[in-house]
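Everything in the sequence shown is counted per numbering that gives the first Met the number 0, starting at 0 for the first residue and increasing by one. This report concerns only the one structure given below.
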Amino acid sequence: MSSTENYELFLTQRPRRLRRTDALRRMVQETTLSVNDLIYPMFVMEGENEKVEVESMPGCYRFSLDLLLAEIAEIYALGIPAIALFPVVPDAKKDEVGTESYNPDGLIPRTVAAIKAQTPDITVITDVALDPYTSHGHDGILDEAGYIVNDITVEVLAKMAIAQARAGCDMVAPSDMMDGRIGAIRDALDEEGFTNVCIMAYSAKYASAYYGPFRDALGSAPKSGDKKTYQMNPANSTEAILEVELDITEGADIVMVKPALPYLDIISKVREVSAVPVAAYNVSGEYAMIKAAGEKGWIDEKKVMMETLLSIKRAGADLILTYFAKEVALLLK
Ligand code: PBG
């Protein structure tokens, strides 16, 4: 008997029935990726009329404020609802304790005010962490032994959040992983009358090697040591639940898992226990890998991009921070 002739199984369930046509497939699709899910991380630097590509992140740029504003108008028109801002701070402005981080005339407050004047409706999310501002590149203040001191750092983070709120940001996003910073920042914001400024907590942020290209972009790599005394051990998952629960108790409006792709199990577990929206950060290294393989012609970059982001949503993320945001928005249009 030839392989296609007269041979039929009598099966009650044939899952392939619902895969036969495009229309059927669309009807039963469980997860969708929408432009509304996207948060676009962007890098701002001093200067004028400057746009410098990040070498390890093709298609991502450090913009001077004027060009950043033009880009923001464009991406808001594409439907992207939010940006996450990161500053490139000149070495001359860095010190041991990150003083520049709460300068009301610093790069981030100026940038936030300018964005809000131009495109008031876009959600502006500012990063709360000291690493772009410290001469040693750590997210906190060091003692003589080089240990990052928690509570003193939290005090500075609260000042930083206030400076950002005064400039008009909609949401602050502490990415530092100090204990108790969500509660301290919530209290500080409320005391200053910023009860409507949201907090997106980097709750389960791992000590990951996937942050390399981001540190290239900002020149923020730690000068010595690593971030393992504050960021989470990649081997742990129960601890992620503790971090999420603490942050929600302390007042987080959104919790985050970071990185995304190597931590889909964590996203899924966090989604089960979190009563607030869950964000996932598709970080710089995840972006760089897809771009590099795409450039070599080893993968279909656009398809891998969409499949990756869909997998992050399927795992349970409600929101995705991704450097692919603009490309995705263009593709979905
Ligand atoms: C630092 C910070 C990092 C990222 C966002 N905020 C790097 C780090 O913790 O060293 C990484 C983002 C990315 O890799 O895309 N507070």
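Note that CB positions come from ideal geometry on N, CA and C, so glycine has one too.
For Leu331, tell me which candidate among Val171, Gly192, Asn35, Ala164 has the shortest Cα-Cα distance.
Among Val171, Gly192, Asn35, Ala164, the Cα nearest to that of Leu331 is on Asn35.
How close, in whole Å, do the beta carbons of Leu37 and Thr321 come, if the pair is a contact with beta carbons under 8 angstroms?
The pair is a contact, with the Cβ atoms about 6 angstroms apart (cut-off 8 angstroms).
For a minimum of 3 consecutive residues, which ranges assigned as the beta strand (DSSP E) are wholly contained in the stretch 45 to 132?
Counting only runs of 3 or more, we get 50 to 53, 56 to 63, 81 to 86, 122 to 127.
My output table needs one value for Gly204: the three-state DSSP class, helix, strand or coil.
Checking the displayed sequence, the identity of residue 204 turns out to be Lys instead of Gly. Here Lys204 sits in strand by DSSP.
Comparing the CB of Tyr229 with every heavy atom of the ligand GTP, is any distance shorter than 7 angstroms?
Ligands in the displayed structure: the ligand PBG; the ligand GTP is not one of them.
Please tell me whether, using a cut-off of 7 angstroms, the distance from the CB of Ala128 to the nearest non-hydrogen atom of the ligand PBG is below it.
Correct: Ala128 has its Cβ closer than 7 angstroms to the ligand PBG.
Got a sec: does the ligand PBG put a non-hydrogen atom nearer than 7 angstroms to the Cβ of Tyr101?
Answer for Tyr101: no, Cβ out of range of the ligand PBG.
At a cut-off of 7 angstroms, would you count Gly284 as near the ligand PBG, judging by its Cβ distance to the nearest heavy atom?
Flag set: Cβ of Gly284 near the ligand PBG.
Please list the segments of the alpha helix (DSSP H) lying wholly inside the stretch 291 to 319, counting only runs of 4 or more residues, in order along the chain.
Whole alpha helix (DSSP H) segments, 4+ residues: 300 to 314.
Between the beta-carbon of Pro212 and the beta-carbon of Ser55, is there less than 8 angstroms?
Result yes, Cβ atoms of Pro212 and Ser55 sit closer than 8 angstroms.
Does the distance between the C-beta of Ser174 and the nearest non-hydrogen atom of the ligand PBG fall short of 7 angstroms?
Yes.
Glu239: which of Ala220, Ala279, Gly224 sits nearest, CA to CA?
A small fix is needed here, since residue 239 is Ala in this sequence, not Glu. Out of Ala220, Ala279, Gly224, Ala279 has the C-alpha closest to the C-alpha of Ala239.
Specify the secondary structure class of Met177 as computed by DSSP and reduced to three states.
Of the three classes helix, strand and coil, the one that applies to Met177 here is coil, per DSSP.
Return the Cβ separation of Glu300 and Lys290 in integer angstroms, given the expectation that the two are a contact with Cβ distance under 8 angstroms.
Going by Cβ atoms, the distance from Glu300 to Lys290 rounds to 7 angstroms, so yes, they are a contact pair.
The ligand PBG heavy atoms versus the CB of Tyr39: any closer than 7 angstroms?
Answer for Tyr39: no, Cβ out of range of the ligand PBG.
Pro103: which of Lys158, Ile298, Ile184 sits nearest, CA to CA?
Of Lys158, Ile298, Ile184, the residue nearest in Cα terms is Lys158.
According to the neighbour-count rule (16 or more other Cβ atoms, all chains shown, within 10 Å of its Cβ), is Tyr6 buried or exposed?
Under this definition Tyr6 is an exposed residue.
At which residues does the beta strand (DSSP E) containing Ala259 begin and terminate?
Segment: none, Ala259 is in no beta strand (DSSP E) and carries neither H nor E.
Below 7 angstroms, is the gap between the Cβ of Arg214 and the nearest heavy atom of the ligand PBG?
It does: the Cβ of Arg214 is within 7 angstroms (strictly closer) of some heavy atom of the ligand PBG.
Could you check if Gly145 is buried or exposed, using at least 16 other CB atoms within 10 Å of its CB as the buried criterion?
Exposed, because fewer than 16 other Cβ atoms sit within 10 Å of the Cβ of Gly145.
Straight-line CA distance for Lys204 to Pro261?
Cα to Cα, Lys204 sits roughly 12 angstroms from Pro261.
Comparing C-alpha positions only, which one of Val282, Ala81, Thr133, Ala314 sits nearest to Ile114?
Here the closest residue by C-alpha is Ala81.
Give every residue of the same chain whose Cβ lies closer than 6 angstroms to the Cβ of Asp246, excluding the five residues on either side of it in the sequence, and list them in chain order.
Result list for Asp246: Ile181, Ala200, Ser202, Val254, in chain order.
Tell me whether Tyr6 sits in a helix, a strand or coil according to DSSP, three-state version.
DSSP places Tyr6 in coil when its eight states are reduced to three.
Between which two residues does the beta strand (DSSP E) holding Asn281 run?
From DSSP, the beta strand (DSSP E) with Asn281 extends over 277 to 281.
Which residue or residues does DSSP assign as beta-bridge partners of Ala287?
Paired residues: none, contrary to the question.
In angstroms, rounded to a whole number, what distance separates the CA positions of Gly105 and Asp130?
So the alpha carbons of these two residues sit roughly 15 angstroms apart.
Near Ala216, which residues of its chain fall below 6 angstroms by C-beta distance, leaving aside the five closest residues on each side in sequence?
Within the same chain, Ala216 has close Cβ partners Phe42, Val53.
Is Val153 near Gly179, with beta carbons less than 8 angstroms apart?
Cβ atoms of Val153 and Gly179: closer than 8 angstroms.
Check the DSSP bridge columns for Phe42 and list the partner residues they point to.
According to DSSP, Phe42 bridges with Arg61, Phe85.
Within the continuous alpha helix (DSSP H) that includes Val155, where are the two ends?
Note, Val155: alpha helix (DSSP H), 149 to 166.
Go ahead and pull the three-state DSSP assignment for Ala216.
Reduced to three states, the DSSP call for Ala216 is helix.
Taking Ala234 as part of the alpha helix (DSSP H), name the residues at either end of that continuous run.
Counting along the chain, Ala234 falls outside any alpha helix (DSSP H), and DSSP gives it neither H nor E.
From Phe85, Pro57, Ala234, Ala76, pick the residue whose C-alpha is nearest to that of Ser63; which is it?
Among Phe85, Pro57, Ala234, Ala76, the Cα nearest to that of Ser63 belongs to Phe85.
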